[in-house]
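K.L.:
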Amino acid sequence: MSAVPGDITIGMDSATLSTRLAHRRSRIVRERIIELVLFLAALVSVFTTIGIVYILIKESVVFFQEVPFWDFLTDTQWTPLFSDAHFGIMVLLSGTLTSSVVALLVAIPLGTIIAIYLSEFAPFWVREVAKPFLELLGGVPTIVYGYFALLFVTPLLQKIYPGLPGFNLLSAGIVMGIMIIPYVSSISEDAMRAVPMSLREGSYAMGATRFQTAIKVVVPAAISGIASAYILGISRAVGETMILAVAAGQQPNLTFNPLEPAATITAYIVQVALGDLPHGSIGYQTIFAAGLTLMLFTLACNIGGHVLRKSFRETY
Amino acid sequence: MEYAKDLNEIRVLIRRHKRWDMVFGLCGLLALMIGVLTFVALFADMAVDGVPRLGWDFLTSFPSRKPQQAGILSAWVGSALVMLVTAFFAVPLGVASGIYLEEYAAKNWVTDIIEINITNLAGVPSIIYGLLALGLFVYTFGFGQSVLSAGLTLALLILPVVIVATREAIRSIPQGIREGAYALGATQWQVCKDHIVPYSMPGILTGIIIGMARAIGETAPVITIGALTFIAFLPAAPVQAEPPFLNFEWLLSGFTVMPIQMFNWTSRPEAAFLHNAAAAGFVLVLMTLGMNGLAIWLRYRLRKKIKW
Chain A
84 MSAVPGDITI GMDSATLSTR LAHRRSRIVR ERIIELVLFL AALVSVFTTI GIVYILIKES
144 VVFFQEVPFW DFLTDTQWTP LFSDAHFGIM VLLSGTLTSS VVALLVAIPL GTIIAIYLSE
204 FAPFWVREVA KPFLELLGGV PTIVYGYFAL LFVTPLLQKI YPGLPGFNLL SAGIVMGIMI
264 IPYVSSISED AMRAVPMSLR EGSYAMGATR FQTAIKVVVP AAISGIASAY ILGISRAVGE
324 TMILAVAAGQ QPNLTFNPLE PAATITAYIV QVALGDLPHG SIGYQTIFAA GLTLMLFTLA
384 CNIGGHVLRK SFRETY
Chain C
11 MEYAKDLNEI RVLIRRHKRW DMVFGLCGLL ALMIGVLTFV ALFADMAVDG VPRLGWDFLT
71 SFPSRKPQQA GILSAWVGSA LVMLVTAFFA VPLGVASGIY LEEYAAKNWV TDIIEINITN
131 LAGVPSIIYG LLALGLFVYT FGFGQSVLSA GLTLALLILP VVIVATREAI RSIPQGIREG
191 AYALGATQWQ VCKDHIVPYS MPGILTGIII GMARAIGETA PVITIGALTF IAFLPAAPVQ
251 AEPPFLNFEW LLSGFTVMPI QMFNWTSRPE AAFLHNAAAA GFVLVLMTLG MNGLAIWLRY
311 RLRKKIKW
């Protein structure tokens, strides 16, 4: 055993020295073990993704052995539990797309206006009050929004348009849009506030008003962040479940008319899960095929958002 | 003369532009008001329909076929037990991942994969987690449609929230703190457990509370794993009088949770059940608002108090 670095050996007998060295060794080993444990904890999230992909693909492979892939994409009926079974995902996709479009027509304009207002116009105290409030709006459980859509918004819309059925994509979509506003507005606002003050000052110095500065300078400079906020909104809308399961009805219906009831991919999964389908039956596997479709859709959105952020990122 | 006319035109122009400023400011306030009004309407709607049903009996009765006698006992007990499991897994895993990524991780492709992966997971719809749990926990691991499956599912769901909050809290600690501790001979783990974790505690706590508030209101993944909608019994109590005092039977017990109970009542046609749904919804909104409010308040205090 050679001398350890430093002068801790001075005036130390060999017994003390060896206990110190043993202590030091155990300390190094302990550090390594702790690092390994922390690393394993971080890996859990990777395993979650692997698990999701594995389960969805495993069950979908079985499904596609029974149902031709082409039929899945082109069939215009979705009746997996009938004796004359059809598996046209288009039917469910139409409901998902229609409700998402309605939601985005609400969330994107309102969310953007709120973001511009809070970032460029609002006095300090309004922002201090409004931001936590929006956060609370985003924290309300979606089942509560579903109840609200079915029993408050739908009756309200029926006063304007008496022919509206009790279940419809419109009211579910509107409420979903309001639910998404906080996501869109907070990310857009963060992006706008990250735009350096000097850009605004330059614009004001040229005699531009606040509105002109906001629209012509700040928004273009923050466009990548705003776009990724929209994409997050889209993936929220597509994946939203309970509002649609409660307020949009659970009948598969190939329609792009928001005034009709229709089931979405997510509502279908809920409907099947509530029933008593045996494990391994074709009906059981349909929810994984539907889930895979949904997963691919949101994955495309997430990757798109990532690419947008990377490629349009302005550096000041 | 020419000059005065120009000046007038410019004044008109300025006035017009200023008017646009006003108009947009009003639009912004209006948009904000739509959000606020929706929130108020939602809260009032729940309160008006539900509050008359609230009472001690509502909290201590099982669901029933008779709406007047039905209550949310099994639902809130189920929610509490599921949250216990969720916190037990999500908090240590999330905080440990956050510490690893901020303090230990080397800049290499493994770290990149973990980071991209966490960002992606945060965007995965919650019902997909339900499908994962159905395939993995319920059938592959054989946990069945139990409290344990639901707790694990929700733990995975809120893991990104806890990780991101932990990382942000840790990142705001100045480098000087670490350097000071290292200079005194502390190991990396000693720096973490004695300095990094305590100082980032309020931020981590905020993340945990927001995550738990989200988990308590999540319906879709819990329905997907096949939670029952009508439960008239309680899982075995986790604590008992005889040794070994702790009882883990409840982990594998069937259960229902608050949002599912509310969904079940919402999908019934009778108005009396809808009132029950509103009452359950009111309790649920109060709980999530309370938790989110607490988190916001914590963050607010944190921002005011800490000056490095």
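Protein chains in written order, with my numbering: chain A, 84 to 399; chain C, 11 to 318. Backbone N, C-alpha and C fix where the C-beta goes; we use that ideal spot for every residue, glycine too.
Do you know how far the Cα of Leu103 of chain C is from the Cα of Gly204 of chain C?
P.N.:
A small correction: the amino acid at residue 204 of chain C is Asp; Gly does not occupy that position in the sequence shown. Going by the C-alpha atoms only, they are around 19 Å apart.
K.L.:
Any C-beta of chain C sitting closer than 8 Å to the C-beta of His362 of chain A?
P.N.:
His362 of chain A counts as touching chain C.
K.L.:
If we ignore side chains and look at the alpha-carbon of each, how far apart do Ala277 of chain A and Ser268 of chain A end up?
P.N.:
So the two alpha carbons sit approximately 14 Å from each other.
K.L.:
How about Thr485 of chain A and Pro341 of chain A: are their beta carbons less than 8 Å apart?
P.N.:
Limits of chain A in this structure are 84 at one end and 399 at the other, which puts residue 485 of chain A out of reach.
K.L.:
Can you give me the Cβ contacts of Gly291 of chain C inside the same chain, cut-off strictly under 6 Å, excluding the 5 residues immediately before and after it?
P.N.:
Counting only Cβ-Cβ distances below 6 Å, and skipping sequence neighbours, we find Met56 and Met272.
K.L.:
Which of the three DSSP states, helix, strand or coil, is assigned to Ala86 of chain A?
P.N.:
Any reading at Ala86 of chain A must be qualified, since the residue scores a pLDDT of 46, below 50, and its modelled position is unreliable; no value is offered.
K.L.:
Scan the segment 163 to 238 of chain C and note each continuous beta strand (DSSP E) run of 3 residues or more that stays entirely inside, going in chain order.
P.N.:
Taking only runs of at least 3 residues, no beta strand (DSSP E) segment lies wholly in the segment 163 to 238 of chain C.
K.L.:
Taking beta-carbon pairs under 7 Å, can you tell me which members of the segment 256 to 284 of chain A lie near chain C?
P.N.:
If the cut-off is 7 Å between Cβ atoms, the segment 256 to 284 of chain A has Ile261 and Ile264 near chain C.
K.L.:
If you draw a straight line from the C-alpha of Val171 of chain C to the C-alpha of Leu164 of chain C, how long is it?
P.N.:
Computed Cα separation, rounded: 11 Å.
K.L.:
With 16 other CB atoms within 10 Å as the buried threshold, where does Pro62 of chain C fall?
P.N.:
Pro62 of chain C should be labelled exposed.
K.L.:
Could you name the residues of the same chain whose beta carbon sits closer than 6 Å to that of Ala305 of chain A, not counting the 5 residues immediately before and after it, in chain order?
P.N.:
Ala274, Met275 and Val278, listed in sequence order.
K.L.:
Thinking C-alpha only, which one of C:Thr197, C:Val293 and C:Leu262 is nearest His62 of chain A?
P.N.:
The requested residue 62 of chain A is not part of the displayed model; chain A covers only 84 to 399.
K.L.:
Can you list, in chain order, the stretches of the beta strand (DSSP E) that have 3 or more residues and sit fully within the segment 325 to 360 of chain A?
P.N.:
The segment 325 to 360 of chain A contains no whole beta strand (DSSP E) run of 3 or more residues.
K.L.:
Buried or exposed: Ile270 of chain C, going by 16 or more other Cβ atoms within 10 Å of its Cβ?
P.N.:
By the 10 Å Cβ count, Ile270 of chain C comes out buried.
K.L.:
Which residue from A:Thr132, A:Lys214 and A:Glu218 puts its Cα closest to that of Gly133 of chain C?
P.N.:
Closest option to Gly133 of chain C, Cα to Cα, is A:Thr132.
K.L.:
Going by DSSP in three states, Phe165 of chain A sits in which element: helix, strand or coil?
P.N.:
Looking at Phe165 of chain A - three-state DSSP - the assignment turns out to be coil, as it is neither helix nor strand.
K.L.:
Alpha carbon to alpha carbon, how far is Trp307 of chain C from Arg313 of chain C? Give it in angstroms, no decimals.
P.N.:
Near 10 Å, if we compare the C-alpha coordinates of Trp307 of chain C and Arg313 of chain C.
K.L.:
Below 9 Å on C-beta distance, what does Thr266 of chain C contact in chain A?
P.N.:
Here the premise fails: no neighbours, minimum Cβ distance about 12 Å.
K.L.:
What are the residues that DSSP puts in a beta bridge with Phe170 of chain A?
P.N.:
Answer by DSSP bridge pairing, in chain order: A:Trp161.
K.L.:
Quick one: is Phe283 of chain C near chain A, going by C-beta distance under 8 Å?
P.N.:
It does not; no Cβ of chain A falls within 8 Å.
K.L.:
Are there 16 or more other CB atoms within 10 angstroms of the CB of Ser97 of chain A, so buried, or fewer, so exposed?
P.N.:
Under this definition Ser97 of chain A is an exposed residue.
K.L.:
Using the beta-carbon count (16 or more within 10 Å), is Pro135 of chain C buried or exposed?
P.N.:
Pro135 of chain C comes out buried.
K.L.:
Per DSSP, what kind of secondary structure is Val50 of chain C in: helix, strand or coil?
P.N.:
Helix at Val50 of chain C.
K.L.:
In terms of alpha-carbon separation, which member of C:Glu280, C:Met268 and C:Gly217 lies closest to Ile82 of chain C?
P.N.:
When only C-alpha atoms are compared, the closest one is C:Met268.
K.L.:
Mind reading off the beta-carbon distance from Leu391 of chain A to Ser307 of chain A? Whole number of angstroms is fine, and I expect it under 8 Å.
P.N.:
That pair is a contact at about 6 Å.
K.L.:
Which residues in chain C sit within 7 Å of Asn385 of chain A, going by Cβ to Cβ distance?
P.N.:
Correct list: Asn130 and Gly133.
K.L.:
Against chain A, which members of the segment 201 to 234 of chain C pass a CB distance test of less than 8 Å?
P.N.:
Cβ contacts with chain A come from Ile220, Ala223, Arg224, Ile226, Gly227, Glu228, Thr229, Ala230, Ile233 and Thr234.
K.L.:
Do Ile173 of chain C and Gly236 of chain C count as a contact pair if the criterion is CB distance below 8 Å?
P.N.:
No, the pair does not count as a contact, with Cβ atoms beyond the cut-off.
K.L.:
What residues from the segment 21 to 34 of chain C come within 7 Å of chain A, judged by C-beta to C-beta, listed N to C?
P.N.:
Answer set for the segment 21 to 34 of chain C: His27, Lys28, Trp30, Asp31 and Phe34.
K.L.:
Given this structure, state the Cα-to-Cα distance separating Leu146 of chain C from Lys299 of chain A, to the nearest angstrom.
P.N.:
Using only the alpha carbons, I get a separation of about 51 Å.
K.L.:
Could you tell me the boundaries of the alpha helix (DSSP H) in which Lys117 of chain C lies?
P.N.:
Run containing Lys117 of chain C: none; DSSP gives neither H nor E here.
K.L.:
Measuring alpha carbon to alpha carbon, tell me which residue in A:Tyr244, A:Gly260 and A:Tyr228 is nearest Glu228 of chain C.
P.N.:
Comparing Cα-Cα distances from Glu228 of chain C to each of A:Tyr244, A:Gly260 and A:Tyr228, the minimum goes to A:Tyr228.
K.L.:
For the putative contact between Ala331 of chain A and Leu201 of chain A, defined by C-beta atoms under 8 Å, what is the C-beta separation to the nearest angstrom?
P.N.:
Actually they are not in contact, since the Cβ atoms of Ala331 of chain A and Leu201 of chain A sit about 31 Å apart, beyond 8 Å.
K.L.:
Which chain C residues are close to Thr292 of chain A, counting only those with a beta carbon under 8 Å from its beta carbon?
P.N.:
The contacting residues are His27, Lys28, Trp30 and Asp31.
K.L.:
Roughly how far, in whole angstroms, is the beta-carbon of Ser84 of chain C from the beta-carbon of Thr216 of chain C, given that I think they are within contact range, below 8 Å?
P.N.:
Not quite, the Cβ-Cβ distance comes to about 31 Å (not below 8 Å), so this is no contact.
K.L.:
Kindly indicate if chain A contains any beta-carbon less than 8 Å away from that of Gly154 of chain C.
P.N.:
It does not: the Cβ of Gly154 of chain C has no partner Cβ on chain A nearer than 8 Å.
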